[in-house]
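Sequential numbering from 6 applies to the sequence shown in my numbering.
We treat Cβ as the ideally placed atom computed from N, Cα and C, and that holds for glycine.
Okay, structure first, notes after.
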Amino acid sequence: MNAFRLLDVARPDRGIDRGLSSPLVGRERELQVLRDAFDRTVSAGTCELVTVVGPAGVGKTRLTSDFVRSLGGTATTVTGRCLSYGQGLTFWPLRGIVAELAGTEEGDSSDEVLTRVTRLLPADDDRATVAERVAGALGVVESTAYPEDTFWAVRKLLEAVASERPLVIVLEDVQWAEPTFLDLIEYLPMAIGYLPVLMIAITRAELFDVRPNFAQDLPGARRIDLEPLSEADSRELVEHLVGETGMATDISDRVAESAEGNPLFVEELVRMLIDERHLEQDASRLPMPATIHAVLAARLDRLDSAELAIVKAAAVIGRSFGLEAALLLADRRDRSELESHLGALVHKQIIEADGGRFGHRRTFSFKHILLRDVAYQGILKAERADLHERYADWLEREAGERASEYHEILGHHLERACRNLSELAPVDERRRELADRAAHHLGVSGTRALARGDIRPAVTLLERAVSLLPDDDPARRDLTLKLGIGLAESGDLSRADALLADRIRAERRGRAFVAFHDGGGRQQVVTLEAERSPITIGRRPDNDIVLPWDSEVSRRHAHLLHTGEGWALVDDESRNGSYLNGERVTRQRPLRDGDVFRFGDTVVLFRAPVPDEHRARDVFLEPEQVTYMGQSSTHAPKPAAE
6 MNAFRLLDVA RPDRGIDRGL SSPLVGRERE LQVLRDAFDR TVSAGTCELV TVVGPAGVGK
66 TRLTSDFVRS LGGTATTVTG RCLSYGQGLT FWPLRGIVAE LAGTEEGDSS DEVLTRVTRL
126 LPADDDRATV AERVAGALGV VESTAYPEDT FWAVRKLLEA VASERPLVIV LEDVQWAEPT
186 FLDLIEYLPM AIGYLPVLMI AITRAELFDV RPNFAQDLPG ARRIDLEPLS EADSRELVEH
246 LVGETGMATD ISDRVAESAE GNPLFVEELV RMLIDERHLE QDASRLPMPA TIHAVLAARL
306 DRLDSAELAI VKAAAVIGRS FGLEAALLLA DRRDRSELES HLGALVHKQI IEADGGRFGH
366 RRTFSFKHIL LRDVAYQGIL KAERADLHER YADWLEREAG ERASEYHEIL GHHLERACRN
426 LSELAPVDER RRELADRAAH HLGVSGTRAL ARGDIRPAVT LLERAVSLLP DDDPARRDLT
486 LKLGIGLAES GDLSRADALL ADRIRAERRG RAFVAFHDGG GRQQVVTLEA ERSPITIGRR
546 PDNDIVLPWD SEVSRRHAHL LHTGEGWALV DDESRNGSYL NGERVTRQRP LRDGDVFRFG
606 DTVVLFRAPV PDEHRARDVF LEPEQVTYMG QSSTHAPKPA AE
């Protein structure tokens, strides 16, 4: 046995530093709803969805974590988290889920991720396809799988895990999920076979502003609306938090009244009173912060300068952050010193180790998202810009060959740096460079989303990229072209038509036509004549409509057929499929004016013949050649004045 010489006795932390804890209070009924749902999934072998709804700080995550803890080892439990800046990060929550299931870490190679995912799957004919599509959804490998193909792969993965033991999936901050991910959440309970899977979606009520009918049509789906605690429950929570220290009754009543039933507010008020030694004072003389944000800001102000620097750096990164990034951004060169400060912040319940890994090192998360938000709001814009830029530089270096997985994240941080600088000073070389870099990453992300048919994120990302660049930038013209394609497929024809100036000439002819852009970015218009039916669509040069892909892959993809009722789109049983207005075509579908069909990343607009009486209203001069978005096109000038 080793002997040690006593050098000093560490003084116990006092007040706020000792950490507060309490059992779950006032949520027995809601906890029972979750337990009953889990029991049903196990006994009936079904997949159920429970949505937990409530404002920030009301205890949604605490309720769910207590439920998960109560399961012990009876189920596999995983968590996925949506990001507040998640535009384009459609399947980001899957990263956490797959990491927990497969044991992957941020920084693992694509081969390592594929191997670990494959091990979870049964050895059948679908194994390699499922693993590749799941890895593609994570961004680990390049993939243009359409959303429904990814949904199928995710379902197969979850079914493989649930076949071994019951599976509980917790999805946090669903109010920030992309529409396609919300579609996935609603798809899984209907699609998963007779296997025990419980899905818990944690969200604020804002979700129902953008998706009013979320999960309403799912059989057996349940919703838990977390209400504020009663005053009696709030006082009970206070008693648990102060423990043996005790608190005067009138102060307890004042806390319960001020917090208005928000458990996080109760906890933070108690923490403030303990730290400032107010437990025995006259309650009427105690200042009570009016909002949870005010009390959290005061709490952060009590940190020492080194701890506050770490918190600010972490807040710029996001809710979750890695040790190495915090070391860099907080200007800490001594790792042991940094770990000491992180330990103090964990003890003070500002952050917590979240079990994740980046580059084989621990990651941490803010104890509550509101702590992160308040910390971020307290950073000056110049400092924010610097921290965002430095984090993007670090992430790009750290990711190395896997930087393609982080295009959306890099684009977000570079865009934030650029926007913050724009509000402080005129455009300079640094800001232009940041804008170029941000637009590149956002543009790549938008193009990738467009190729896989994830249209809304594609449009959002491309719009952000375009807005960062000057009008005469060649990259802007290219991105604007892709944006127009996305707008066309989303149904926003009034904006997409700006790409299709040639339609003016075609409408004068009173014939049906299609318009699209070829592989060189040039606009093409093909007039449809009944006597030439069918009009072939494919990748070979001898097709009527040539798609800008590898010309040797296939001869025919689809064709346009003239029938007695007009034109129709017919899919030629192509492997990648043909899509009309976002829906996959099987066999034959009639076309209407303004329909949009897509083959891979080629979007084609169909215009029906314009009746003579409509064409007669317009008096056109001869069309003139103009340049639009960097492409030469034909545009008719305005009619001559009468």
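Inset, instruction - State the start and end residues of the unbroken beta strand (DSSP E) segment that holds C87. - result: The residue given as residue 87 occupies position 82 in the sequence shown. Counting along the chain, C87 falls outside any beta strand (DSSP E), and DSSP gives it neither H nor E.
Inset, instruction - Keeping to the same chain, check which residues put their C-beta closer than 6 Å to that of G225; ignore five residues upstream and five downstream. - result: As a first step, residue 225 is located in the sequence shown; it is residue number 220 there, counting from the start. Excluding positions up to five away in sequence, the list reads E53.
Legend entry - Unbroken stretches of the alpha helix (DSSP H), 4 residues or longer, contained in the stretch 278-323: Here the runs fully enclosed are 297-306 and 310-322.
Inset, instruction - Measure the beta-carbon distance from D230 to V58 and round it to whole angstroms, keeping in mind my assumption that it falls under 8 Å. - result: Sequence index remark: in the sequence shown, residue 230 carries index 225 (1-based). Sequence index remark: in the sequence shown, residue 58 carries index 53 (1-based). The Cβ separation is near 5 Å, so the contact holds.
Inset, instruction - Within its chain, find whatever has a CB closer than 6 Å to the CB of R461; leave out the 5 residues flanking it on each side and keep chain order. - result: As a working note, residue 461 is residue 456 in the sequence shown. If the five residues before and after R461 are omitted, its C-beta is found closer than 6 Å to the C-beta atoms of P184, all from its own chain and listed in chain order.
Legend entry - Backbone secondary structure at Q382 - three-state DSSP: As a position in the sequence shown, residue 382 is number 377, starting the count at 1. Here Q382 sits in helix by DSSP.
Legend entry - Cβ-based neighbour list, R442, same chain, cut-off 6 Å, excluding 5 preceding and 5 following: For this step, residue 442 is matched to residue 437 along the sequence shown. Excluding the 5 residues flanking it on each side, R442 has same chain C-beta neighbours closer than 6 Å at L419, in chain order.
Inset, instruction - Return the first residue and the last residue of the alpha helix (DSSP H) that F156 is part of. - result: On the sequence shown, position 151 is the one that residue 156 refers to. Per DSSP, the continuous alpha helix (DSSP H) segment holding F156 begins and ends at P152 to A167.
Legend entry - Integer Cβ distance of D324 from I374, believed to fall under 8 Å: Here residue 324 corresponds to residue number 319 of the sequence shown, with the count starting at 1. Here residue 374 corresponds to residue number 369 of the sequence shown, with the count starting at 1. Correcting the residue type first, residue 324 is Arg in the shown sequence and not Asp. The pair is a contact, with the Cβ atoms about 6 Å apart (cut-off 8 Å).
Inset, instruction - Using the Cα positions of F270 and A264, report the straight-line distance between them to the nearest angstrom. - result: Here residue 270 refers to the residue found at position 265 of the sequence shown. Here residue 264 refers to the residue found at position 259 of the sequence shown. C-alpha separation (whole angstroms): 5 Å.
Inset, instruction - Please classify H562: does DSSP put it in a helix, a strand, or coil? - result: Here the question's residue 562 lines up with position 557 in the sequence shown. The answer is coil: DSSP assigns H562 none of H, G, I, E or B.
Inset, instruction - Could you please give me the residues that DSSP links to W572 through a beta bridge? - result: As a position in the sequence shown, residue 572 is number 567, starting the count at 1. Partner(s): H567.
Inset, instruction - Sort out for me which residues DSSP pairs G327 with in a bridge. - result: Here residue 327 refers to the residue found at position 322 of the sequence shown. Paired residue(s): T368.
Legend entry - Buried versus exposed call for D178 [16 or more other C-beta atoms within 10 Å across all chains shown]: Against the sequence shown, residue 178 aligns to sequence position 173. The residue in question, D178, is buried, as its Cβ has 16 or more Cβ neighbours within 10 Å.
Legend entry - Spatial distance of P171 from A220 (CA atoms): To locate residue 171, count along the sequence shown from 1; it is residue 166. To locate residue 220, count along the sequence shown from 1; it is residue 215. In this structure, the alpha-carbon of P171 lies about 22 Å from that of A220.
Legend entry - Start-to-end residues for the alpha helix (DSSP H) that takes in G78: Start at 1 with the first residue of the sequence shown, and residue 78 comes out as number 73. Segment: none, G78 is in no alpha helix (DSSP H) and carries neither H nor E.
Inset, instruction - Check the DSSP bridge columns for E53 and list the partner residues they point to. - result: Taking the sequence shown and counting its residues from 1, one reaches residue 53 at position 48. In the DSSP output, where bridge partners are listed per residue, E53 has L203.
Legend entry - Buried or exposed by the 16-neighbour rule on C-beta atoms within 10 Å, applied to R537: Your numbering for residue 537 matches position 532 in the sequence shown. Result: exposed.
Legend entry - Minimum Cβ-Cβ distance from D116 to chain D less than 8 Å: The chain inventory of the structure shown lacks chain D, comprising one protein chain alone.
Legend entry - Cβ pair count under 8 Å reaching 3, the stretch 430-449 against the stretch 477-487: Pairwise C-beta distances place the stretch 430-449 in contact with the stretch 477-487, as three or more of them are shorter than 8 Å.
Inset, instruction - May I ask you to verify whether the stretch 110-126 touches the stretch 73-80, counting CB pairs closer than 8 Å and requiring at least 3? - result: Under the Cβ criterion (8 Å, minimum of three pairs), the stretch 110-126 does not count as touching the stretch 73-80.
Legend entry - Same chain, Cβ closer than 7 Å to P595, five either side skipped, listed in chain order: Along the sequence shown, one-based indexing puts residue 595 at 590. Correct list, in chain order: E570, G571 and A573.
Inset, instruction - For I542, write down the residues that DSSP places opposite it in a beta bridge. - result: On the sequence shown, position 537 is the one that residue 542 refers to. According to DSSP, which records beta bridges pairwise, I542 is partnered with I550 and A563.
Legend entry - Distance CB(D71)-CB(L25) smaller than 8 Å: The sequence position of residue 71 within the sequence shown is 66, counting from 1. The sequence position of residue 25 within the sequence shown is 20, counting from 1. No, Cβ-Cβ distance for D71 and L25 is not below 8 Å.
Inset, instruction - With DSSP as the reference, label I374 as helix, strand or coil. - result: One-based indexing of the sequence shown puts residue 374 at position 369. Three-state DSSP puts I374 in a helix.
Inset, instruction - Report back the beta-carbon spacing between V159 and A140 to the nearest angstrom; my notes put them in contact at under 8 Å. - result: For the purposes of this step, residue 159 is identified with residue 154 of the sequence shown, where counting begins at 1. For the purposes of this step, residue 140 is identified with residue 135 of the sequence shown, where counting begins at 1. With a Cβ gap of about 12 Å, V159 and A140 do not count as contacting.
Inset, instruction - Mind reading off the beta-carbon distance from P60 to R209? Whole number of angstroms is fine, and I expect it under 8 Å. - result: Here the question's residue 60 lines up with position 55 in the sequence shown. Here the question's residue 209 lines up with position 204 in the sequence shown. Going by Cβ atoms, the distance from P60 to R209 rounds to 6 Å, so yes, they are a contact pair.
Legend entry - Residues near A613 in its chain [Cβ-Cβ closer than 6 Å; skip 5 each side]: Start at 1 with the first residue of the sequence shown, and residue 613 comes out as number 608. Once the five neighbours on either side are set aside, the close Cβ partners of A613 are A517 and D598.
Inset, instruction - For G358, name the three-state secondary structure that DSSP assigns. - result: Locating residue 358 in the sequence shown gives position 353, counting from the first residue. According to the sequence displayed, residue 358 carries Ala and not Gly. DSSP places A358 in strand when its eight states are reduced to three.
Inset, instruction - Classify Q593 as helix, strand or coil using the three-state DSSP reduction. - result: The residue you call residue 593 lines up with position 588 of the sequence shown. For Q593, the secondary structure class from DSSP, reduced to helix, strand or coil, is strand.
Legend entry - Proximity below 8 Å, CB of G144 to CB of E410: As a working mapping, residue 144 is identified with position 139 in the sequence shown. As a working mapping, residue 410 is identified with position 405 in the sequence shown. Going by C-beta atoms, G144 is nearer than 8 Å to E410.
Legend entry - Cβ-Cβ distance between Q529 and L566 below 8 Å: Here residue 529 refers to the residue found at position 524 when the sequence shown is read from its first residue. Here residue 566 refers to the residue found at position 561 when the sequence shown is read from its first residue. With contacts defined as CB atoms closer than 8 Å, Q529 and L566 fail to qualify as a contacting pair.
Legend entry - Neighbour-count burial assignment, M277, 16 or more Cβ in a 10 Å radius: Translated into the one-based positions of the sequence shown, residue 277 becomes position 272. Buried, by the Cβ-count rule.
Inset, instruction - Starting from the C-beta of A136, find all residues in its chain whose C-beta is less than 6 Å away, skip the five residues before and the five after it, and write them out in chain order. - result: Here residue 136 refers to the residue found at position 131 of the sequence shown. Only L119, V122 and T123 meet the Cβ criterion.
Inset, instruction - In angstroms with no decimal places, state the Cα-to-Cα distance between R603 and Q92. - result: The residue you call residue 603 lines up with position 598 of the sequence shown. The residue you call residue 92 lines up with position 87 of the sequence shown. When rounded, the distance between both Cα atoms is 22 Å.
Inset, instruction - Closer than 6 Å by C-beta to V30: which residues in its own chain qualify, once you throw out the five before and the five after it? Chain order, please. - result: Stepping through the sequence shown from its first residue, residue 30 is reached at position 25. Within the same chain, V30 has close Cβ partners D238, E241 and L242.
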